[in-house]
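Chemist: Under my numbering, the first residue of the sequence shown is numbered 6, with each subsequent residue one higher. Don't be surprised by glycine CBs; every beta carbon is placed ideally from N, CA and C. Dropping the structure in here first, questions after.
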Amino acid sequence: MTSASTLSLRRSAKILVVEDDDAMRDLLVEELSDEGFDVLAAGDGRAGVDLVLTHPVDLVITDLRMPDVDGFDLIRDVKATRQAPHIVMITAFGSIETAIKAVKLGAFDYITKPFEFEELIIVADKALNDRKLHRHIEHLQREVEGKYRFGNIIGESEAMQEVLGLVTRISTSDAFVLITGESGTGKELISRAIHYNSARASQPFVAVNLAAVPSQLIESELFGHKKGAFTDAHSDRDGLFRQANGGTLFLDEIGELALELQAKLLRVLQEQEIRPVGSAKVERVDVRVVAATNKDLEEMMTQGSFREDLYYRLNVIDIRLPPLRNRVDDILPIAEHLLVQHAGKVGSKTPITLSPEAQRMLLSYRWPGNVRELQNTIERGIALCTGGVIEPTDLPQAVHHKRDIDYLAPAVSRHLSMAELERDFILLVLDDEGGNKTRTAQRLGLDRKTLYRKLEEFGKRDKS
Ligand SMILES: Nc1ncnc2c1ncn2[C@@H]1O[C@H](COP(=O)(O)OP(=O)(O)OP(=O)(O)O)[C@@H](O)[C@H]1O
Ligand SMILES: [Mg+2]
Numbered sequence: 006m007t008s009a010s011t012l013s014l015r016r017s018a019k020i021l022v023v024e025d026d027d028a029m030r031d032l033l034v035e036e037l038s039d040e041g042f043d044v045l046a047a048g049d050g051r052a053g054v055d056l057v058l059t060h061p062v063d064l065v066i067t068d069l070r071m072p073d074v075d076g077f078d079l080i081r082d083v084k085a086t087r088q089a090p091h092i093v094m095i096t097a098f099g100s101i102e103t104a105i106k107a108v109k110l111g112a113f114d115y116i117t118k119p120f121e122f123e124e125l126i127i128v129a130d131k132a133l134n135d136r137k138l139h140r141h142i143e144h145l146q147r148e149v150e151g152k153y154r155f156g157n158i159i160g161e162s163e164a165m166q167e168v169l170g171l172v173t174r175i176s177t178s179d180a181f182v183l184i185t186g187e188s189g190t191g192k193e194l195i196s197r198a199i200h201y202n203s204a205r206a207s208q209p210f211v212a213v214n215l216a217a218v219p220s221q222l223i224e225s226e227l228f229g230h231k232k233g234a235f236t237d238a239h240s241d242r243d244g245l246f247r248q249a250n251g252g253t254l255f256l257d258e259i260g261e262l263a264l265e266l267q268a269k270l271l272r273v274l275q276e277q278e279i280r281p282v283g284s285a286k287v288e289r290v291d292v293r294v295v296a297a298t299n300k301d302l303e304e305m306m307t308q309g310s311f312r313e314d315l316y317y318r319l320n321v322i323d324i325r326l327p328p329l330r331n332r333v334d335d336i337l338p339i340a341e342h343l344l345v346q347h348a349g350k351v352g353s354k355t356p357i358t359l360s361p362e363a364q365r366m367l368l369s370y371r372w373p374g375n376v377r378e379l380q381n382t383i384e385r386g387i388a389l390c391t392g393g394v395i396e397p398t399d400l401p402q403a404v405h406h407k408r409d410i411d412y413l414a415p416a417v418s419r420h421l422s423m424a425e426l427e428r429d430f431i432l433l434v435l436d437d438e439g440g441n442k443t444r445t446a447q448r449l450g451l452d453r454k455t456l457y458r459k460l461e462e463f464g465k466r467d468k469s
């Protein structure tokens with residue numbers, strides 16, 4: 006008796022029979038269909054591979070000896086497909102070497118001719134069960150990885166959730182990425198996340214800070230050189246493109262690259278070919294480039310200091326990391342993450358905490374150095390604090406003063422709009438300056454024309 010669960014597994018799975026002998030193929034298809042399997046058939050290896058590429062096949066039962074693409078070729082090709090099906094090979098009696106080779110190539114099992122039909126059914130059921138189990142485990146693994154994939158990147162804010170969502174969406178892509186953001190916002194961290202969540206994860210991730218390499222050495226650093234190419238070139242040397250082959254090259258501070266080198270880099274990115282300094286030969290490379298900068302490249306383009314064609318080449322995927330002050334929701338979670346990490350390092354069970362007043366200060370500070378500055382602040386706090394609680398006195402002076410916005414609280418409770426707030430503020434400063442518009446404009450950081458226009462809007466501009 007065949008159990009209900011086995012029958013339901015047979016019905017939900019698709020089997021492909023590859024056999025060049027017409028009579029045998031028809032017989033196999035008929036018998037398997039009678040047993041409740043959903044069956045496809047192909048008369049040669051090539052057609053078999055095509056069916057696997059176009060149908061959700063779970064199991065391939067294939068003959069070994071076939072013209073053109075034989076059973077071994079078929080295993081290789083099928084195993085290289087995404088979500089490759091299981092394979093059972095039918096081999097001739099007595100050829101145990103063939104059977105072993107099939108399994109080594111990735112076949113799940115084999116069956117020797119001549120065989121009882123029952124035997125084939127047992128092997129097929131076993132293969133489908135094994136596949137189901139594997140897929141279940143894979144699914145669980147993916148779920149777990151999904152949860153922890155950004156383990157060390159804290160991003161509770163909407164802005165960071167968006168960035169991490171984008172990193173996930175591009176995980177199957179090979180497109181170049183340009184990451185922009187102020188210093189310390191996590192550009193390098195995100196570039197690593199992109200690499201380690203991509204299909205290139207098992208290949209090298211190579212990072213270079215273009216601002217830290219003397220400009221006359223950058224070309225050889227990136228593309229390598231031959232012995233004797235220049236005075237200090239005592240031997241051949243691989244460049245970073247070569248080292249990153251198959252993986253990802255992180256070009257940090259791309260905005261620092263001189264125009265002449267920008268042209269050379271553009272050519273390499275277009276051709277995916279490098280020419281080491283002093284070499285006559287070009288070499289093919291397969292490198293995904295992720296570039297980063299805290300410069301405003303668009304502004305640099307209008308000034309002619311960054312090539313437009315290179316910009317568009319690099320900026321296929323555009324990731325903008327917001328400064329920490331614009332994602333206040335991330336401040337305390339990052340601080341807590343660092344405190345828990347510290348507790349782990351020193352083997353303490355309870356992490357150091359932040360007093361409510363210290364938390365308030367962290368939240369209202371501007372963080373010009375972004376996450377890196379927050380890291381330094383917390384490390385300092387850990388070192389200075391006593392009694393396991395970081396107090397305001399354990400925070401740097403800078404953090405104490407910035408962005409004291411308590412004076413705005415009354416404006417909030419009076420439900421003022423931006424326009425009303427702006428108007429009141431401008432008029433107050435004008436009054437404070439005794440009506441002097443030049444000084445008022447200076448204090449407000451406006452040019453005189455703008456101040457005049459605004460006063461006119463307020464109905465305040467006199468003709469003088
Ligand atoms: N979202 C985050 N969660 C946890 N740690 C972060 C986060 N963002 C940045 N960091 C940490 O902050 C520090 C600075 O990050 P990173 O070096 O990636 O910044 P950057 O943008 O490359 O800075 P720079 O422009 O100065 O090179 C690193 O130690 C990094 O691990
Ligand atoms: Mg960096």
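Mark Ala-285 as exposed unless 16 or more other C-beta atoms lie within 10 angstroms of its C-beta, in which case mark it buried.
Modeler: Classification for Ala-285: exposed.
Chemist: Just verifying my parser: in three-state terms, what is the DSSP assignment at Gly-189?
Modeler: Gly-189: coil per DSSP, three-state reduction.
Chemist: Name, in chain order, the residues that DSSP records as bridge partners for Met-94.
Modeler: For Met-94, which the question treats as bridged, DSSP gives the partners Thr-67, Tyr-115.
Chemist: Would you mind sorting Gly-386 into buried or exposed? The rule is 16 or more other CB atoms within 10 Å of its CB.
Modeler: By the neighbour-count rule (16 or more Cβ atoms within 10 Å), Gly-386 is buried.
Chemist: Is Asp-39 helix, strand or coil by DSSP?
Modeler: DSSP places Asp-39 in helix when its eight states are reduced to three.
Chemist: Do Val-93 and Ile-66 count as a contact pair if the criterion is CB distance below 9 Å?
Modeler: A contact, by the Cβ cut-off of 9 Å.
Chemist: Thinking just about the alpha-carbon of each residue, which of Thr-7, Ser-353, Ile-383, Ala-216 is nearest to the one in Glu-261?
Modeler: Among Thr-7, Ser-353, Ile-383, Ala-216, the Cα nearest to that of Glu-261 is on Ala-216.
Chemist: Taking Cβ to Cβ, would you say Val-218 is nearer than 9 Å to Ala-198?
Modeler: Going by C-beta atoms, Val-218 is not nearer than 9 Å to Ala-198.
Chemist: When you measure from the CB of Asn-375 to every non-hydrogen atom of ligand 2, does any distance come out below 8 Å?
Modeler: Outside the cutoff, so no.
Chemist: Assuming Leu-227 contacts Phe-246 (C-beta within less than 8 Å), just tell me the rounded distance between them.
Modeler: The pair is a contact, with the Cβ atoms about 6 Å apart (cut-off 8 Å).
Chemist: According to DSSP, simplified to helix, strand and coil, what is Gly-229?
Modeler: Residue state, collapsed to three classes: strand.
Chemist: For the beta strand (DSSP E) holding Arg-325, just list the boundary residues, first then last.
Modeler: That run of the beta strand (DSSP E) goes 322-325.
Chemist: Could you pull the DSSP bridge partners for Lys-19 from this structure?
Modeler: The partner list for Lys-19 (beta bridge, DSSP) reads Asp-43.
Chemist: Quick one: give me the first and last residue of the alpha helix (DSSP H) that Asp-257 is part of.
Modeler: Asp-257 -> not in any alpha helix (DSSP H); beta strand (DSSP E) instead, spanning 253-257.
Chemist: For Asp-257, count neighbouring C-beta atoms within 10 Å of its own C-beta (all shown protein chains included) and say buried if the count is 16 or more, exposed if not.
Modeler: It counts as buried.
Chemist: Should the region 284-304 be regarded as contacting the region 172-186, the criterion being three or more beta carbon pairs within less than 8 Å?
Modeler: Touching, yes, given that three or more Cβ pairs across the two stretches are closer than 8 Å.
Chemist: Return the chain-ordered list of same chain residues with a C-beta closer than 6 Å to the C-beta of Ala-18, the five sequence neighbours on each side being excluded.
Modeler: Asp-63, Leu-133, listed in sequence order.
Chemist: At which residues does the alpha helix (DSSP H) containing Asn-375 begin and terminate?
Modeler: Unbroken alpha helix (DSSP H) run through Asn-375: 375-389.
Chemist: Enumerate in chain order the residues of its own chain whose CB-to-CB distance from Asn-320 is below 6 Å, with the five nearest sequence positions on each side excluded.
Modeler: Result list for Asn-320: Leu-183, in chain order.
Chemist: To the nearest angstrom, how far is it from the Cα of Phe-42 to the Cα of Val-333?
Modeler: Their backbone Cα atoms lie some 57 Å apart in a straight line.
Chemist: Are at least three pairs of beta-carbons, each pair with one atom in the region 201-216 and one in the region 259-273, less than 8 Å apart?
Modeler: At 8 Å Cβ cutoff, the stretches touch.
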